[in-house]
Amino acid sequence: MSEEERRELADILFPNLKHDITYYENLYPERDLPDGAMVTRYGPSPTGSVHLGNLFSAFCDMIYARQSGGVFFLRIEDTDQKRMVEGGIENITGVLKGFNIIPNEGYTYGGNYGPYKQSDRTEIYQTYVKDLIVRGLAYPCFMSEEELASIKEEQEINKTKIGVYGVYAVDRDLSLAEVKEHLKNNDSYVIRLKSPGDANKQIEVNDCIKGKIKFPEYDMDSVLLKKDGTPTYHLAHAIDDHLMHTTHVIRGDEWVSSIPLHYQLFQILGFKPVKYAHIAPITIKDPETGTIRKLSKRKDPWAGAKFYEESGIPIEALHLYLATIANSNFEEWYLKNQDKSISDFKFSFDKMAIGGTSFDALKFNNICKTYFSRKSGEEVYNETLNWAKTYDKDYAKLLSANKSDMIKFLSIEKDGPRPRKDISKYSDVKEEFSYAIDSMFEKEFYSKFDGDKTYDIDLVLDYLNNYLDLDVSNEEWFNKVREFALINGYAATPKEYKKNPDSYKGHVGDICEALRVMITGRLKSPDLYSIMKILGKDKILKRVDLYKKFINK
RNA sequence: GGCGAGUUGGUGAAGUGGCUUAACACACUGCCCUUUCACGGCAGCAUUCACGGAUUCGAAUUCCGUACUCGUCACCA
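Start counting the first sequence at 1; every next residue gets the next number (this note's numbering).
Okay, here's the thing in structure tokens:
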């Protein structure tokens with residue numbers, strides 16, 4: 001086909017486009033950003049629920065854009081109508097918000113590079129494709145599904161590369177008359193790339209994470225525009241990321257094998273190539289089979305986005321975990337810098353895992369504990385209340401009614417450089433601190449007690465009535481407990497008791513244990529003095545009463 | 001099958017030719033601290049980096065081959 005003919009063909013195929021390429025190029029000028037600013041984007045396909053892997057890649061988009069003073073935008077990639085799920089888009093934007101992953105531009109966020117939904121950009125894609133046709137780099141292909149299937153079969157038998165290329169691209173060099181004939185017959189068609197590549201030549205690309213990768217040049221006539229005039233992912237990616245001036249495409253590594261195609265597309269469209277950062281999938285070692293596989297929403301609760309909120313895991317703790325997955329040196333840095341947060345850390349692509357990143361539930365749990373340990377009692381209280389308001393309304397009421405005491409309980413052993421680590425999620429607060437709220441404690445009625453001993457109520461009452469003094473310091477208080485222990489035939493320290501076990505009934509620890517069990521209903525608790533001080537003598541005595549009922553039930 | 005990537009302890013991983021008798025964290029075990037638990041401290045936990053070969057004075061690190069795992073080869077993204 002001559003250039004004249006291609007021009008004619010382009011006009012026949014796309015008669016109604018309002019603009020030309022230059023129009024769009026001018027519409028979306030270069031962004032005015034500081035040097036080194038990264039423009040990243042998250043491009044979800046609205047197919048329903050969100051996977052941890054998606055969240056991770058969006059998280060990376062956000063941190064890299066943020067730390068470089070760039071832009072992170074959200075683009076809805078809904079070019080496939082068949083995959084559309086009712087409410088899918090709303091679900092995605094909602095989940096992102098819920099996870100505190102906030103784009104600073106894009107769908108529902110606005111910006112000067114929209115529309116940010118691909119189904120609203122069809123005309124733009126077609127404009128570029130029309131130009132490609134004029135330049136002889138794209139052509140209409142009328143091959144039927146059957147024809148495609150049959151060349152694939154042939155290729156499989158011949159053990160050659162599968163796809164539409166070379167001699168298999170039968171419509172590649174159709175004459176204008178032939179195309180017109182097809183059109184007259186109303187034959188359906190797609191627009192294919194007329195790939196200028198040579199598979200015998202190599203290209204080398206530099207992935208920000210994976211480093212240098214070599215591929216044969218791309219030589220297949222990939223589909224650019226589908227039968228319905230809608231673009232394929234590849235075309236949309238090239239055009240959108242060019243027009244929106246994305247600098248870094250961070251995406252899952254299932255895309256690395258399409259790098260040659262994308263690279264070629266950028267080249268023939270005359271676009272400055274984007275930098276790619278292909279992140280490894282989040283995997284898990286299957287507990288049953290021992291093999292490594294991708295996280296599965298069906299088998300692994302962590303894979304689904306809903307899980308975290310529902311089970312009361314703080315979003316910030318998840319961010320912390322994503323950050324430790326994202327950069328291998330983050331964890332160490334975070335442990336050394338007690339007072340710093342994620343945004344203080346400088347992430348870099350070369351600290352990202354190249355192979356699969358394994359999800360370590362135990363480590364995640366520990367990170368959650370660390371998160372809580374660094375929060376003040378009041379912060380823990382507020383966050384827990386906030387969570388309970390939607391996920392445990394009854395508990396939320398109890399929390400509100402017991403605010404000041406609850407904060408005191410949650411603050412025990414929080415000051416100082418070595419805070420307790422006993423909570424990993426909001427629902428743990430309810431479990432671990434049930435003794436803090438009278439009505440809960442009464443209901444629980446020592447059901448949490450996991451020992452088999454019964455304790456001397458008279459001894460405890462004697463102590464409470466005659467020796468208890470909560471107006472002194474912790475140390476003085478404990479000295480009085482020691483005094484009381486000695487008087488009653490208990491050793492003042494466990495060491496002493498160990499030396500002469502026969503001369504004592506037990507040691508101070510035993511007295512404390514009795515107190516602890518009656519007051520908290522369990523063998524383990526935070527500092528006893530602090531608990532007693534918050535409760536006060538009256539409540540303590542009531543609990544001893546309750547214990548009496550428990551023993552005699 | 002073609003193309004591409006990965007393979008370091010119980011786990012997540014650091015490591016880019018000598019500073020590695022393989023960091024750090026999680027888990028586990030022991031001891032210490034201690035009124036319980038948690039926290040914290042100390043110690044233990046890979047004589048070895050999938051396997052075979054090559055290069056080198058020297059390799060977990062470079063090269064070649066083998067095995068296994070993963071991704072991809074759609075008018076899905």
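From the three backbone atoms N, C-alpha and C, an ideal C-beta is built for every residue, glycine too.
{"Query": "Name the one or two DSSP bridge partners that residue 77 has.", "Result": "Residue 77 pairs with nothing; no bridge assigned."}
{"Query": "Whole angstroms are fine: how far does the CA of residue 52 sit from the CA of residue 601?", "Result": "This structure does not reach residue 601, given that the chain is present from 1 up to 553, and the question cannot be answered."}
{"Query": "Any idea what DSSP makes of residue 212, helix, strand or coil?", "Result": "strand"}
{"Query": "Looking at the structure shown, is residue 357 part of a helix, part of a strand, or coil, going by DSSP?", "Result": "strand"}
{"Query": "Are the Cβ atoms of residue 330 and residue 277 separated by less than 9 Å?", "Result": "no"}
{"Query": "Using CA coordinates, which residue listed in 325, 518, 104 is at the minimum distance from residue 359?", "Result": "325"}
{"Query": "Any idea what DSSP makes of residue 346, helix, strand or coil?", "Result": "coil"}
{"Query": "Report the three-state DSSP secondary structure of residue 140 (helix, strand or coil).", "Result": "strand"}
{"Query": "Extract the residue ranges of the alpha helix (DSSP H) inside the stretch 487-538, only unbroken runs of 4 or more that lie entirely within it.", "Result": "494-499, 508-520"}
{"Query": "I'd like the ranges of any beta strand (DSSP E) spanning at least 3 consecutive residues and lying wholly in the stretch 418-479.", "Result": "none"}
{"Query": "Hey, how far is the Cα of residue 272 from the Cα of residue 432?", "Result": "57 Å"}
{"Query": "Could you tell me if residue 426 is buried or exposed, where buried requires 16 or more neighbouring beta carbons within 10 angstroms of its beta carbon?", "Result": "buried"}
{"Query": "Out of curiosity, what's the CA-to-CA distance linking residue 510 and residue 397?", "Result": "36 Å"}
{"Query": "Could you please give me the residues that DSSP links to residue 554 through a beta bridge?", "Result": "Outside the modelled stretch of the chain, which goes from 1 to 553, sits residue 554, for which no answer is possible."}
{"Query": "For residue 6, count neighbouring C-beta atoms within 10 Å of its own C-beta (all shown protein chains included) and say buried if the count is 16 or more, exposed if not.", "Result": "buried"}
{"Query": "Which residue's Cα is closest to the Cα of residue 152: 58, 162, 143?", "Result": "162"}
{"Query": "Among 215, 429, 237, 216, whose alpha-carbon lies nearest the alpha-carbon of residue 225?", "Result": "237"}
{"Query": "Closest by CA to residue 119, which one among 99, 133, 140, 89?", "Result": "89"}
{"Query": "Apply the 10 Å Cβ neighbour rule to residue 401 and answer buried if 16 or more other Cβ atoms are within range, or exposed otherwise.", "Result": "exposed"}
{"Query": "In angstroms, rounded to a whole number, what distance separates the CA positions of residue 267 and residue 41?", "Result": "21 Å"}
{"Query": "Straight-line CA distance for residue 54 to residue 107?", "Result": "17 Å"}
{"Query": "So the alpha helix (DSSP H) residue 407 belongs to, where does it begin and stop?", "Result": "403-411"}
{"Query": "Let's test the definition: count the other Cβ atoms within 10 Å of the Cβ of residue 487 and tell me whether it reaches 16, buried, or not, exposed.", "Result": "exposed"}
{"Query": "Going along the chain, which residues of its own chain have a beta-carbon closer than 6 Å to the beta-carbon of residue 45, five neighbours each way excluded?", "Result": "77"}
{"Query": "Residue 83 by DSSP, collapsed to three states: which one?", "Result": "helix"}
{"Query": "Under 8 Å by Cβ, that's how I've got residue 411 and residue 355 pegged, so tell me the actual separation to the nearest angstrom.", "Result": "Wrong, their Cβ atoms sit about 43 Å apart, outside the cutoff."}
{"Query": "Using a Cβ distance threshold of 8 Å, determine whether the stretch 334-350 contacts the stretch 302-313, with at least three qualifying pairs required.", "Result": "no"}
{"Query": "Leaving out five residues on either side along the sequence, give the residues of the same chain with a beta carbon under 6 Å from the beta carbon of residue 430.", "Result": "395"}
{"Query": "Enumerate in chain order the residues of its own chain whose CB-to-CB distance from residue 58 is below 7 Å, with the five nearest sequence positions on each side excluded.", "Result": "42, 96, 101"}
{"Query": "Would you give the residue range spanned by the alpha helix (DSSP H) that residue 386 belongs to?", "Result": "377-391"}
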